[in-house]
Amino acid sequence: MISEKLKKARDFEDHYGPFIPDSSRPAFHLTPTIGWMNDPNGFCLYRGEVHLFYQYHPYETKWGPMHWGHVKTRDFLHWERLPVALAPDTDYDRNGCFSGSALELPDGRHLLVYTGVRQVREKNGKLHDRQTQCVAVGDGVNYEKAAENPVITAADLPEGGSPFDFRDPKVWREGDSCYLVAGNRPADGSGSVLLYESPDCLHWTYKGVLAACHNQFGRMWECPDFFELDGRHVLLTSPEEMTAIGLEFHAGHGTVCLIGRYDRERCHLVRENVQAIDYGLDFYAPQTLLTPDGRRVMIGWMQNWETVGCQPANAQWFGQMTLPRELSIRDGRLIQTPVRELESVRSYQILYRNVLLNGMTTLQNVRGRVLDMTVTVRPGSQSALYGWFKINVAGNGEHMTTVRYKPECNTVRVDRTRCGFPHDIVNVRDFAVRPRGGEIKLRIVLDKYSMELFVNDGEQAATAVIYTDVSADAISFESMGSVIMDVEKYDLLLDRGGAYEQDI
Ligand code: FRU
């Protein structure tokens, strides 16, 4: 049965969505059908296809009562739009269907697990969210909320756990059991990730605190995801209210990856390493899935809560997802590389080898706004290390976005100060990279409204949204001191309307 709220949302996107020209959207990064999008939800394989849902407010380009938007894809690049999956249409989720995840059930049905939000007035007169975990089951298009909802409530919290900050269940199956992790605020006011187990996804038992923040990495931990990767266990989470720690963690909404060993007896992750997930400006609430060929693929919201007010004028959509990324672990650290499917849409290879640079240059045919470019740099002189090396993209004389590497301090800077944003927001991020005697490999994946940078074959990723006019397609290279560089550039051509193609 389709509720009135869901029907209204479906009618709205059906009616107005088609008027948004594809040309106003990125070439291959997902945007909402219409209106607002935040976190990826329910990223999972269902009947051989990858489904993705997202936090969705179709009626405005602002956050509002959360629905779940829905798309599916076969290659992580082309997204087929499906009707809104969930609307806040029951008493227990009347103020929003918050983030969650999905699973294919053994009987072939599709299970969604999400946070139902219901505002109640507390004794002190203040309105407070009550957050509970709920399920809905469907066929890949239509979903029915379970009669048993909510299936995890305040009664299932450990002592001191907050019923107001209890959200974002990520579910998985292991043997005969289903497990989920959810974010919670414990008595110390910071964040923790709780583990639950169920035989049927309807009846859940609290198992323990998988990991706790202890006010060390931000406060409330949102959107946890927990999985095995290359012989380790990995917990991804997105903390609110972080304070900066060196160049590793920036202030505000951040992302944290905890790598370690899973002590199943104690239901606890024994930490070996803690690092940021993305070192750029716009990345939050990532979620992963496992592909049939064994790849752990992550997608994130390519935005930051601090800057959601900065929107292009007259935008009919707001919010993008990152390019899905393949994860692995190397030397105890998280490695991220663009999904390999990206290589299938590369065309017009341009290759330069051993270009000697000291100052600034452009290279013939190296320009564009929808591209995949890898630049490998090494010192040009044995006697003196160069001062810095820069790549400027999305340039037109007035605007540009820059990646700069300084070998002496082993830092990379992403700088969109001059990308054309008419807002006084954070535009610069510095992060530390592994010292390699002045050698560095910078892979830049550019879409019309974003830049994703992968350093040294995925040792670091840094993402930034830009809204520079798409005609700004100049790329230049600059160095202080002598460097030698190799440049390998491909245009990314997607066979859909609105893909931006450049003339060569
Ligand atoms: C993270 C988040 C989640 C919540 C959702 C609401 O960005 O705050 O914790 O479920 O957004 O839209």
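With the first letter of the sequence shown counted as 1, position 106 gets the number 1450 in the numbering used here; the numbers rise by one all the way through.
Glycine included, each C-beta is placed from N, C-alpha and C at the ideal position.
- Around the beta carbon of Asn1740, fewer than 16 other beta carbons lie within 10 angstroms, which makes this residue exposed.
- With a cut-off of 7 Å, the C-beta of Ala1431 is classified as distant from ligand 1, since no heavy atom of the ligand falls inside that distance.
- One Cα belongs to Gly1527, the other to Ser1443, and the distance between them is close to 11 Å.
- Taking a C-beta distance under 8 Å as the contact criterion, Arg1563 and Pro1583 qualify as a contact pair.
- The DSSP-derived three-state label of Leu1350 is helix.
- Put simply, the region 1360–1369 does not touch the region 1388–1398. Fewer than three CB pairs are less than 8 Å apart.
- Of all residues, those with a beta-carbon under 6 Å from at least one heavy atom of ligand 1 are Asn1382, Asp1383, Gln1399, Met1410, Phe1442, Ser1443, Thr1459, Arg1511, Asp1512, Glu1566, Cys1567, Tyr1628, Ala1629, reported in chain order.
- Distances from the alpha-carbon of Val1578 to those of Ala1595, Leu1426, Lys1406, Val1525 put Val1525 closest.
- Around His1373, the same chain offers Met1646, Gln1664, Met1665, Thr1666, Leu1667, Asp1791, Tyr1793, Ser1794 as residues with beta carbons nearer than 8 Å, after the five sequence neighbours per side are excluded.
- Here the region 1635–1646 makes no contact with the region 1760–1774; the two share fewer than three CB pairs at distances below 8 Å.
- Cβ-Cβ separation between Trp1412 and Phe1662: approximately 17 Å, too far for a contact (criterion under 8 Å).
- For a cut-off of 8 Å, the C-beta gap from Cys1567 to Ala1480 is around 19 Å, too long to register as a contact.
- Looking at the backbone, the Cα of Val1747 and that of His1594 are separated by about 18 Å.
- In this structure, Arg1757 sits near Asp1774, with a CB-CB distance shorter than 8 Å.
- Residues of the same chain with a CB within less than 7 Å of the CB of Val1464, apart from the 5 flanking positions on each side, are His1472, Arg1474 in chain order.
- Going by DSSP, His1411 is part of the beta strand (DSSP E) stretching over 1411–1417.
- By DSSP's assignment, Glu1584 forms no beta bridge with any residue.
- Shown here for Ser1506: same chain residues with a beta carbon closer than 8 Å to its own, the five before and five after excluded, namely Asn1528, Arg1529, Pro1530 in chain order.
- Per DSSP, the continuous beta strand (DSSP E) segment holding Thr1476 begins and ends at 1471–1482.
- Within the DSSP bridge table, the entry for Cys1601 names Leu1580, Gln1619 as partners.
- The Cβ atoms of Val1641 and Glu1670 sit closer than 8 Å to each other.
- In this structure, Ile1603 sits away from Ile1694, with a CB-CB distance that is not shorter than 8 Å.
- Listed as beta-bridge partners of Ala1776 by DSSP are Thr1755.
- Distances from the CA of Thr1807 to each of Gln1680, Gly1712, Glu1492 were compared; the closest alpha carbon is that of Gln1680.
- Counting C-beta atoms within 10 angstroms of its own C-beta, Gly1469 has fewer than 16 neighbours from the protein chains shown and is therefore classed as exposed.
- Per DSSP, the unbroken beta strand (DSSP E) holding Met1829 starts and ends at 1818–1836.
- In this structure Cys1753 is exposed. Its beta-carbon is surrounded by fewer than 16 other beta-carbon atoms within 10 angstroms.
- DSSP places Glu1566 inside the beta strand (DSSP E), whose first and last residues are 1565–1573.
- With 16 or more other Cβ atoms inside 10 Å of its own Cβ, Pro1432 counts as buried.
- Minimum Cα-Cα distance from Asn1658 among the listed residues Thr1405, Ala1498, Phe1397 corresponds to Thr1405.
- Contact between the region 1709–1717 and the region 1824–1835 is present: 3 or more CB-CB pairs across the two stretches fall below 8 Å.
- Distance from the CA atom of Phe1397 to the CA atom of Thr1417, rounded to whole angstroms, is 11 Å.
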